[in-house]
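Peer 1:
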Amino acid sequence: MNKKDLGAFYTPKHTVNYMVNLLFGFDEKSKLLEPCGGDGAFISDILENNSLKSRQITVWDINPDVKNHIERLGVKFELKDALLQTIFQNDDLFNKIEKFTHIIGNPPYLNKQSSYIKKNKNKLKKIYDEIGVNDTYALFIYLCCHLLETNGQLCFITSDTYLTLGIHKKLRKFLLTNFVIKNITLCQHDLFKDTGALVNTCIIFLENRKIDENDIIIFNDCRNLEIGNYNGDKYYTKQNKLLSYPDYIFDFNGNGKLIEKIEKAEKLIDFVDGGLGMHTTDNEKFLAIVDYNGIKYAKNGIKKFVSVDEVKNKDWKFYHKKGGDTKYYLPAEYCIRWDNESIKSYKMPKNYNLREKRQGFLISGICSTLSARMATVGALWESNKAMCFFPKNPQKYPPEFFIGILNSDPYNKIIKILNHTNSIQIRDIKKLPLFNFDNNDIEQIVKIVKKIIEQMKKNIDYNFSLEQNKINQIVNKYIL
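As structure tokens, then:
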């Protein structure tokens, strides 16, 4: 079976050693499970160290190609789809749940767009409804936590997206309320580079026992260390404190005081409307790149060009599509066909205002930083890469004000606390605070942003770092 289709990326030897050494309390009564055995790296290490005998180890895997190799190690092997074929609920005479003192592994990395989840979505939903069906690694965490004996230990290396991403809110709550999380190690960004996997990972080590107010999670940040070095910067936080954070995010950088300020502040989303945009259903057919008298701001595969003057007639509308690190100003890069026949193909939210003439601002949805820029008045926008918002009270809070604070370093720090991945979602925007800025600071920010935009209209590559520093200083007063 194909490793990519299975979401299997085999674990480096030094990572295996580190994870095995986190486990403790092996004795003759111990029972260890590796639920996705793969190449058998974890059990090989355990057997080499004589930590357990082969009869104490169970390995599961969905791939028949690994069966002979695993069985040669003398362990109990079962070929199965662990997520669908494992009994872990309703323990009774007819459904006896096998439990383990230790569980270790590197679960497969398949998201909800994978063929596996699409094929088995309904079955998986019935089993894993408590946390939602989003990623296979999250389902394995949930499954295996149920298979732990009292005081049993689990150590997994997985994608790190569950630490803050909104879709994993239910998983975080499940872990924080039912288990003692001893350690979370943030791994180096290119740990799996040699396997061709571009995924940020972390190692979780937990115990199956009730938490108390003194239980501490150790966050071990190794992201900027050399591969193989697991002696990272440590941050300690009480586990029960994370339950009071928005969406139970795992704060691994010691931002507790700022998170408390975020929770107390009003929400920025209450002062704007707008949000997600539309789907064209066929960009090549319905979009064109706008030609601004020889200047074009889009560089992808759309072949058709339309002059800016032609866009202004009734057959086209300006269209924002670009995400990324695009701050302050960029003319609408595209236009979209607006004849009656084309409109029938588009998918648009019910609250999508096609007659919007207010001045709005865009937030990039796929970007490593929080990036905002002025929208073209009357333009439409797409559903993912660029989200458009409109101030409800532009006299008090002009769009330039929102653009300024959203591009500031303090707000970029906040968004990374709320979602540390490179995919900013509408649910993250909804959690952003709006601090009680005084009128003078609002006016100063608006003035600075207007200057930046004025300069960028003359030179799109204008360096606004000096102005940005001034905005940062103003915003910092409200979060420090």
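FYI, the working numbering numbers position 101 of the sequence shown as 1585, with every residue one higher than the one before it.
All C-beta atoms in this analysis are idealised placements derived from N, C-alpha and C, irrespective of residue type, glycine included.
Keep in mind the model is a prediction, meaning the values are calculated, not measured.
(1) Check each candidate in Arg1911, Lys1897, Ile1901 and Leu1594 and name the one with the smallest Cα separation from Asn1868.
(2) Quick one: what does DSSP say Phe1561 is sitting in, helix, strand or coil?
(3) Can you list, in chain order, the residues of its chain with a C-beta nearer than 6 Å to that of Ile1746? Leave out the 5 residues immediately preceding and following it.
(4) Is the number of C-beta pairs between the region 1847 to 1859 and the region 1871 to 1878 that are closer than 8 Å three or more?
(5) Rounded to the nearest angstrom, what separates Met1485 and Lys1605 at their Cα positions?
(6) Whether or not the region 1528 to 1540 and the region 1503 to 1510 are in contact is what I'm after, with contact meaning three or more pairs of Cβ atoms, one per stretch, closer than 8 Å; do they touch?
(7) Count the other C-beta atoms from every protein chain shown that fall within 10 angstroms of the C-beta of Val1500, then say buried if there are 16 or more, exposed otherwise.
(8) Taking 8 Å as the threshold (beta carbon to beta carbon), is Ile1687 in contact with chain B?
(9) What is the DSSP secondary structure of Ser1907, reduced to helix, strand or coil?
(10) Keeping to the same chain, check which residues put their C-beta closer than 8 Å to that of Trp1822; ignore five residues upstream and five downstream.
(11) Per DSSP, what kind of secondary structure is Met1503 in: helix, strand or coil?
(12) What are the boundary residues of the beta strand (DSSP E) that includes Gly1888?
(13) Count the other C-beta atoms from every protein chain shown that fall within 10 angstroms of the C-beta of Arg1656, then say buried if there are 16 or more, exposed otherwise.
(14) Report the option in His1673, Phe1663, Pro1730 and Tyr1714 whose CA atom is closest to the CA atom of Glu1697.
(15) Kindly indicate the opening and closing residues of the beta strand (DSSP E) around Cys1629.
(16) For the alpha helix (DSSP H) that contains Asp1705, what are its first and last residues?
(17) So, helix, strand or coil for Met1832, using DSSP?
(18) Helix or strand or just coil, what does DSSP make of Asn1486?
(19) Taking the alpha-carbon positions, what's the Gly1491 to Leu1690 distance?
(20) Out of curiosity, what's the CA-to-CA distance linking Tyr1818 and Val1774?
(21) Closest to Ile1588 by CA distance: which of Ala1525, Gly1558 and Leu1557 is it?
(22) Round the Cβ separation of Leu1669 and Asn1590 to the nearest angstrom and send it over; I've been treating them as touching at under 8 Å.
(23) Could you tell me which of Asp1757, Thr1648 and Ile1786 sits nearest to Phe1770, measuring between CA atoms?
(24) Using CA atoms only, rank isn't needed, just tell me which of Ser1538, Tyr1612 and His1630 is closest to Glu1582.
Peer 2: To lay it out plainly:
(1) Nearest in C-alpha terms to Asn1868, of all of Arg1911, Lys1897, Ile1901 and Leu1594, is Arg1911.
(2) In the displayed model, Phe1561 falls within a strand according to three-state DSSP.
(3) Excluding positions up to five away in sequence, the list reads Pro1917.
(4) Counting Cβ pairs under 8 Å, three or more are found: they touch.
(5) Residue placement at Met1485 is flagged as unreliable, the pLDDT there being 48, under the threshold of 50; a coordinate-derived value is accordingly withheld.
(6) At 8 Å Cβ cutoff, the stretches touch.
(7) With a threshold of 16 other beta carbon atoms within 10 Å, Val1500 meets it and is buried.
(8) Any reference to chain B falls outside this structure, which holds one protein chain only.
(9) Here DSSP, grouped into helix, strand and coil, assigns Ser1907 to strand.
(10) For Trp1822, where only same-chain residues beyond five positions count, the Cβ hits under 8 Å are Lys1798, Asp1799, Trp1800 and Lys1801.
(11) DSSP places Met1503 in the helix class (H, G or I) of the three-state scheme.
(12) Per DSSP, Gly1888 is not a residue of any beta strand (DSSP E); the alpha helix (DSSP H) it occupies stretches across Pro1883 to Leu1890.
(13) It is buried - the Cβ of Arg1656 has at least 16 other Cβ atoms within 10 Å.
(14) When each option's Cα is compared against that of Glu1697, the closest is Phe1663.
(15) Cys1629: not part of any beta strand (DSSP E); member of the alpha helix (DSSP H) spanning Thr1620 to His1630, first to last residue.
(16) Unbroken run through Asp1705 is the beta strand (DSSP E), Ile1700 to Asp1705; no alpha helix (DSSP H).
(17) Of the three classes helix, strand and coil, the one that applies to Met1832 here is coil, per DSSP.
(18) Any reading at Asn1486 must be qualified, since the residue scores a pLDDT of 47, below 50, and its modelled position is unreliable; the value itself is stated next. Coil, per DSSP.
(19) The pLDDT assigned to Gly1491 is 48, lower than 50, so where the model puts this residue is not dependable; a value taken from the coordinates is nonetheless given after this. Counting only the Cα atoms, Leu1690 lies some 24 Å from Gly1491.
(20) Separation of Tyr1818 and Val1774 (C-alpha to C-alpha, rounded to the nearest whole angstrom) is 5 Å.
(21) Among Ala1525, Gly1558 and Leu1557, the Cα nearest to that of Ile1588 belongs to Ala1525.
(22) Looking at the sequence provided, one finds Thr at residue 1669 rather than Leu. Rounded, the Cβ-Cβ distance is 13 Å, inconsistent with contact.
(23) Considering only alpha carbons, the answer is Ile1786.
(24) When Ser1538, Tyr1612 and His1630 are compared, the shortest CA-CA separation from Glu1582 is found for His1630.
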